[in-house]
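Visitor: Structure incoming, see below.
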Amino acid sequence: MTISVLVVCLGNICRSPMGEAVLRNEALKRGITNIHVDSAGTAAAHIGEDPDERTIEVCGTKSVPISHSARQVRASDFTSFDYILAADGSNLRALERHVGRREGSKAVVRLWGSYLPVSKPIQDPYYGGLDGFTEVYEQCVKLSNAFLDEVVGKKS
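With the numbering used here, letter number 93 in the sequence shown gets 93, and the count goes up by one each step, no holes.
So this is what it looks like as structure tokens:
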């Protein structure tokens, strides 16, 4: 059975495409191939755009493949994904209010940070420098492993 995960932030150009790439990469490093990972935004501001150049740069320096075109969360995501992981509380609330959530949703909708003992949102690095994107990367690695530990099992 394939596990399907949607990582969500506001515009789908910084945190969520990085989270998508990192989660996929961490799963592959564990030998987990039965996982489908995508990302989306709660806002429509960047639909069709590539990830932010700083997201691409940080992923590149960490040898994490990234390829994504920004999109907005759709109602069908709530029935086609097993897990929808929000980057922060604001996006979690937007997901909880989304019409798709009320139409027979099968997805577990959670703050991605809630998979760690001390829940912490992923801060939006958009208005800062490269260091903020590096911090987001490091957080995504921790969150990916915590998520995989809980959903698939501890890595050996």
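Backbone N, C-alpha and C fix where the C-beta goes; we use that ideal spot for every residue, glycine too.
How is residue 123 classed by DSSP in three states: helix, strand or coil?
Guide: It is coil, neither helix nor strand.
Visitor: Sort 142, 135, 21 and 136 by Cα distance to residue 118 and report the nearest one.
Guide: Of 142, 135, 21 and 136, the residue nearest in Cα terms is 142.
Visitor: Per DSSP, which residues does residue 83 bridge with? Please list them.
Guide: Answer is 5 and 108, bridged to residue 83.
Visitor: With C-beta atoms as the reference, is residue 17 less than 7 Å away from residue 51?
Guide: Yes. Within cutoff.
Visitor: Could you work out which residue in 70, 56 and 36 is closest to residue 48 when comparing CA atoms only?
Guide: If we check each option's Cα against that of residue 48, 70 comes out closest.
Visitor: Report the three-state DSSP secondary structure of residue 40 (helix, strand or coil).
Guide: Three-state result, residue 40: strand.
Visitor: Is residue 35 helix, strand or coil by DSSP?
Guide: In the structure shown, residue 35 sits in a strand (DSSP, three-state: E or B).
Visitor: Under the rule that 16 or more other beta-carbon atoms within 10 Å means buried, what is residue 127, buried or exposed?
Guide: By the neighbour-count rule (16 or more Cβ atoms within 10 Å), residue 127 is not buried but exposed.
Visitor: Contact defined as beta carbons within less than 8 Å: I believe residue 4 pairs with residue 19. What is the distance between those atoms, to the nearest angstrom?
Guide: In fact, because the Cβ distance is near 14 Å, the residues do not count as touching under 8 Å.
Visitor: Sort 8, 15 and 26 by Cα distance to residue 154 and report the nearest one.
Guide: It is 26.
Visitor: Among 96, 86, 110 and 59, which residue has its Cα nearest to the Cα of residue 124?
Guide: Nearest of 96, 86, 110 and 59 to residue 124, Cα basis: 86.
Visitor: May I have the straight-line CA-CA distance separating residue 94 from residue 139, to the nearest angstrom?
Guide: Distance between the alpha carbons of residue 94 and residue 139: 22 Å.
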